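Protein chains in written order, with my numbering: chain S, 1 to 279; chain P, 280 to 548; chain A, 549 to 794.
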Amino acid sequence: MRSLPITIFIILFAVIGNVVAIAMVSVEREVLREKEGAGLVIPSAIAKVAALEFKGILADIIFSRAMTYYGGKAIRGEKVLEGEWKWIYESMDVATDLDPYFLDPYYFGAMNLAWEANKVKEANALLEKASQYRDWDWTIPFYLGFNHFYFFQDNEKAAFYLMEAAKRPGSINLLPTLAARLSYQGKKTENAIIFLQEMLKKTEDKNVRWIYERRLTALKAILFLERAVAAYQDRFKKQPQNIDELLAKGIIKTIPKDPYGGNFYIDKDGTIKTTSELR
Amino acid sequence: MTAVWQVALITFKEGIKNRVIFGIFIIALLLFAATTVVITLFMRDIVKVAVDLSLSTVSFAGLLTLLFIGVNLFGKDLDKRTIYMVISRPVSRSQYLIGKFSGIVLLTFVVVAFLGILSAAPVILSKRFYYYPEARFDWWIFFIAIVYIFIKLVIVSSVITLFASFTSNSFIALVLSLVVYFIAQSTESVRFLIASQVERIEVSPILSYMVDIAYYVFPNMSAFDLKMQAAHGLKIGPDYFIWTILYAIFYIIATLAIGTLAFRRREFP
Amino acid sequence: MAIITFHGVTKVYKTGFRKKKVALKDFSLDIHEGEVFGFLGPNGAGKSTAIKILLNLIFPTAGKAEIMGRSVENKEVRRMVGYLPENPYFYDYLNPVELLIFAGKTSGMDSFKIKEKTEMLLNTVSLWNERKRPIRSYSKGMVQRVGLALALIHDPKVVILDEPMTGLDPIGRRQVIDLILKLKSEGRTIFFSSHILEDIERVCDRIGILVNGNLVRVIDIKSEQFTTSLENIFIEEVEKAGEVQQ
């Protein structure tokens with residue numbers, strides 16, 4: 001059968017051609033997909049029903065798609081457009097609606113959405129959702145605290161989130177001190193005192209307790225002075241000029257000592273500050 | 280009863296020696312291998328993704344086993360009359376039906392147990408290389424999720440048995456079982472969706488009523504889907520276990536009882 | 549003593565929207581212990597129907613059937629009954645040994661006895677060497693022989709065979725005939741259907757002719773003087789039935 005080798009040759013030729021062709025087609029399809037832009041976001045409600053028992057996997061896929069798209073752009077040095085950021089955010093939103101415990105979209109959202117896209121509100125919206133579900137995870141409220149501190153200069157909110165983070169297991173020891181410092185600057189001295197007292201109860205580490213106790217003493221002193229200033233205003237209907245006035249007028253008997261070694265003074269806006277700045 | 284056990288045994292043997300089982304195992308193994316590669320694409324929650332994929336593979340493989348082999352085990356009897364060799368012995372119709380069901384459950388157990396153990400491999404791998412401190416994972420919950428996959432598949436088996444008891448050919452039984460699976464996986468989500476939309480859109484009360492009925496008639500399989508709990512190490516209270524297992528038991532008993540009733544007067548001309 | 553009894557059994561099938569087919573019409577018959585009864589009739593006459601009613605595979609529309617005095621609906625009856633269906637099908641991936649274990653266990657035999665009889669039966673039907681191979685690798689004749697083994701493993705008093713010669717070559721058929729005679733010598737009752745006249749003539753004590761659901765004739769081979777051959781009787785009855793229909 002002389003035609004057999006020819007037949008085999010034709011088959012081999014066709015198979016090789018087929019493999020090469022499909023590889024090229026795949027590349028072309030990829031190019032087409034890029035030109036189409038980002039893509040479609042299926043609304044959460046529909047996705048949840050359609051995913052049946054595979055919600056977790058669908059969340060993984062949706063997140064992965066968005067992240068890969070973003071990564072591809074980053075590699076090529078292309079800027080991500082506004083519409084694409086919107087799609088990325090919505091993908092993260094749907095992924096976390098499907099699996100609200102999934103850290104990666106929250107993490108990605110917190111980092112990239114806030115820093116690169118300047119979509120801090122959206123990042124925070126995601127993180128709020130995360131905080132509600134990942135109630136064992138201290139890093140979420142920590143990111144929230146940081147975002148409010150850094151992007152919105154909202155120390156009060158920041159301190160609030162940091163305190164929330166400190167309550168959660170495994171949180172770093174720095175947090176309560178940090179929160180307390182922020183809230184001192186945000187005028188929430190009483191809260192900070194209460195907060196630190198709570199943390200003191202939970203802490204057994206001697207060194208950490210010493211740090212907290214020191215801060216507590218300072219804050220108590222500040223609170224004491226704040227109340228003295230309020231009493232002075234109440235009595236004399238005006239602001240005291242300095243701490244010594246309080247002593248002179250008999251509102252306080254002694255000036256409390258700053259455990260950090262500084263001196264307390266009354267700031268221009270009437271708040272109590274110290275030269276040590278609690279450092 | 281020895282009759283039920285004997286029928287279960289030959290059903291199991293016939294199922295386990297089916298070539299298709301081999302194919303299902305190969306698919307599952309490939310998926311496990313793919314899992315170990317796919318997880319590298321993710322950032323921090325690697326363990327969650329590994330668990331998602333591993334458990335979904337086990338569930339998927341179990342489903343394939345039931346739809347292609349389980350239904351076929353009935354199909355052979357109904358289409359090709361292999362049932363003669365069983366019913367002509369001192370085996371009653373109900374004994375036959377329960378025996379068949381048990382054999383399919385046994386087969387499912389072997390598949391889920393085998394693949395369940397293997398599914399731990401990608402998870403162990405992910406924990407060894409990519410574990411981050413905020414990840415929560417508990418082998419106990421992972422194990423329970425696998426047990427629940429098995430329970431869910433037993434419910435599907437009882438549905439297949441029910442359909443086999445009164446349909447005339449196995450293809451119809453397959454299609455009906457598949458439809459029930461899809462509905463059963465979505466009743467909870469749809470019901471929740473409708474309830475939550477009440478303030479925003481006008482939901483027809485008839486639709487709402489029908490969805491409620493469907494929720495009670497079809498098995499709520501979402502209740503047995505603990506993949507998310509396993510992926511994130513979320514704790515489950517003992518009440519949950521008690522009620523879901525009771526639900527499963529009652530549902531299976533009801534389904535099999537109805538099937539036995541339908542099968543009583545079934546003829547084999 | 550009548551070991552198998554049909555009391556006025558009627559079976560009606562619904563074949564369409566309002567159409568029905570009457571497979572058996574007021575069928576009554578007694579089969580005596582130890583006899584070999586042959587069931588004869590054209591295709592579609594209702595032979596398989598009658599047999600399946602005995603096995604409780606289908607239910608009579610009217611009338612009832614009994615084996616050894618008990619209703620056929622009682623599954624215990626089948627401990628004493630061995631059945632070979634018309635076109636036997638068995639589970640593809642199992643081998644005859646597994647099938648025989650199943651058959652024996654469900655009929656209440658113990659493992660040792662099952663082993664013993666399996667070896668004996670498979671040797672008798674010449675399948676012992678192939679016993680570990682799955683049924684899917686068997687030829688039609690081999691499947692038929694497995695069916696015989698399954699029908700006999702539990703030592704049944706009553707053996708019911710539905711067209712046992714189909715698919716067998718002349719050697720195979722001869723073996724089945726010898727087997728039937730052997731079973732008869734053991735005191736068992738055999739009830740079988742066939743349309744191979746010479747086989748029926750050779751082994752049966754009595755023959756029943758079924759045409760269009762009616763039992764038109766029962767012939768006692770021993771006592772009756774044949775004026776014509778069985779073949780002629782058969783054709784005569786079929787033609788008679790045809791006339792009645794017209």
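C-beta atoms are modelled at their ideal positions from N, C-alpha and C, and glycine is treated no differently.
None of the values given here were measured: they were computed from a predicted structure.
Alpha helix (DSSP H) segment containing V316(P), residue limits: Judged by DSSP secondary structure, V316(P) falls within the alpha helix (DSSP H) whose first and last residues are R298 to V317.
Tell me whether the beta-carbon of A452(P) lies closer than 8 Å to the beta-carbon of F353(P). Taking 8 Å as the Cβ cut-off, A452(P) and F353(P) qualify as a contacting pair.
In angstroms, rounded to a whole number, what distance separates the CA positions of L540(P) and I377(P)? A direct Cα-to-Cα measurement between L540(P) and I377(P) gives close to 12 Å.
If we call anything under 8 Å between Cβ atoms a contact, is T275(S) one with N263(S)? Yes, they are a contact pair.
Along the chain, where does the beta strand (DSSP E) that runs through R765(A) open and close? Start and end: N762 to D768.
Short-range partners of chain P found in the segment 581 to 615 of chain A, where Cβ spacing is below 9 Å: Here the close residues are S596, T597, K600, L603, N604, L605, I606 and F607.
Starting from V370(P), follow the beta strand (DSSP E) in both directions and report where the run begins and ends. For V370(P), there is no enclosing beta strand (DSSP E), as DSSP marks it with neither H nor E.
Is F422(P) buried or exposed, if buried means 16 or more other CB atoms sit within 10 Å of its CB? Around the beta carbon of F422(P), fewer than 16 other beta carbons sit within 10 angstroms, so the residue counts as exposed.
Excluding five sequence neighbours on each side, which residues of the same chain lie with their C-beta closer than 8 Å to the C-beta of L196(S)? The answer, listed in chain order, is P176, A180, Y212, R215, L216 and L219.
Chain P beta carbons: is any one of them nearer than 8 Å to that of T654(A)? Yes, T654(A) counts as interfacial toward chain P.
Simplified DSSP assignment, three categories, for A117(S): Coil at A117(S), not helix or strand.
Residues in the same chain with beta-carbon distance under 7 Å from I537(P), minus the five sequence neighbours each way, listed in chain order, please. Residues L441 of the same chain have their beta carbon placed closer than 7 Å to that of I537(P), with the five preceding and five following residues left out of the count.
Does the beta carbon of K48(S) sit closer than 8 Å to a beta carbon anywhere in chain P? K48(S) has a beta carbon lying within less than 8 Å of a beta carbon in chain P.
Is the segment 41 to 61 of chain S touching the segment 451 to 469 of chain P, taking contact as three or more C-beta pairs under 8 Å? Yes, the segment 41 to 61 of chain S touches the segment 451 to 469 of chain P.
With a cut-off of 8 Å, do at least 3 Cβ pairs link the segment 325 to 333 of chain P to the segment 297 to 307 of chain P? With a cut-off of 8 Å, the segment 297 to 307 of chain P and the segment 325 to 333 of chain P do not count as touching, because too few Cβ pairs lie within range.
Could you please give the first and the last residue of the uninterrupted beta strand (DSSP E) stretch that includes E614(A)? A610 to I615 is the extent of the beta strand (DSSP E) around E614(A).
For F638(A), decide whether its Cβ has a neighbour in chain P, counting only Cβ atoms nearer than 8 Å. It does; some Cβ of chain P falls within 8 Å.
Given this structure, state the Cα-to-Cα distance separating Q794(A) from K296(P), to the nearest angstrom. Since pLDDT at Q794(A) reaches only 48, below the 50 mark, its modelled position is unreliable, and the value read off the structure follows with that caveat. Approximately 55 Å between the Cα atoms of the pair.
Taking only the alpha-carbon atoms, compute the straight-line gap between Q233(S) and E245(S) and give it to the nearest angstrom. CA-to-CA, the gap between Q233(S) and E245(S) works out to about 12 Å.
Shortest alpha-carbon distance to Y637(A) belongs to which of E583(A), S685(A) and M668(A)? For the residues E583(A), S685(A) and M668(A), the minimum Cα distance to Y637(A) belongs to S685(A).
If you reduce the DSSP assignment to three classes, tell me which class E574(A) lands in. Correcting the residue type first, residue 574(A) is Asp in the shown sequence and not Glu. Note: D574(A) maps to strand in three-state DSSP.
Buried or exposed for M1(S), please, with buried defined as at least 16 other CB atoms from any protein chain shown within 10 angstroms of its CB. Confidence in M1(S) is poor, its pLDDT being 47 and thus under 50, which makes the residue's placement too unreliable to answer from.
Would G673(A) pass as a contact of I683(A) if the rule is Cβ separation under 8 Å? Before going further, note that residue 673(A) is Val rather than Gly in the sequence given. Between V673(A) and I683(A), the C-beta gap is not smaller than 8 Å, which leaves the two residues out of contact.
C-alpha distance - K730(A) paired with V707(A), whole-angstrom precision: Near 12 Å, if we compare the C-alpha coordinates of V707(A) and K730(A).
Do the segment 133 to 145 of chain S and the segment 159 to 166 of chain S make contact, defined as three or more Cβ pairs closer than 8 Å? Flag = yes, the segment 133 to 145 of chain S and the segment 159 to 166 of chain S touch.
Can you find a CB in chain P that lies within less than 8 Å of the CB of I781(A)? Proximity of I781(A) to chain P, defined by a Cβ-Cβ separation below 8 Å, is not satisfied.
Cβ of F102(S) less than 8 Å from any chain P Cβ? Yes, because at least one Cβ of chain P sits closer than 8 Å to the Cβ of F102(S).
When the Cα of L602(A) is compared with those of D747(A), Y631(A), R721(A) and N762(A), which residue comes out closest? The residue with the shortest Cα to Cα distance from L602(A) is Y631(A).
Report the three-state DSSP secondary structure of Y260(S) (helix, strand or coil). Judged by DSSP in its simplified three-state form, Y260(S) adopts coil rather than helix or strand.
Within this structure, are the beta carbons of L669(A) and A651(A) separated by less than 8 Å? Cβ distance not < 8 Å, so L669(A) and A651(A) don't count as in contact.
Cβ-Cβ separation, V438(P) to S456(P) (assumed contact under 8 Å), whole Å: At roughly 6 Å, the Cβ-Cβ gap stays under 8 Å, so S456(P) and V438(P) are in contact.
Kindly list, in the order they appear in chain S, the residues whose Cβ is closer than 7 Å to that of Q464(P). Neighbours of Q464(P) in chain S, taken as residues whose beta carbon is under 7 Å from its own, are L52 and E53 in chain order.
Counting only runs that start and end within the segment 649 to 709 of chain A, where is the alpha helix (DSSP H) found for 4 or more residues in a row? Runs of the alpha helix (DSSP H) inside the segment 649 to 709 of chain A: 659 to 672 and 688 to 700.
Pick helix, strand or coil for Y494(P), following the three-state DSSP scheme. Three-state DSSP puts Y494(P) in a helix.
For R754(A), report the span of its beta strand (DSSP E) as first-last. Its beta strand (DSSP E) spans residues R754 to V759.
Could you give the first and the last residue of the continuous alpha helix (DSSP H) run that contains G586(A)? Annotation: G586(A) is outside any alpha helix (DSSP H); the continuous beta strand (DSSP E) that includes it extends over V584 to L588.
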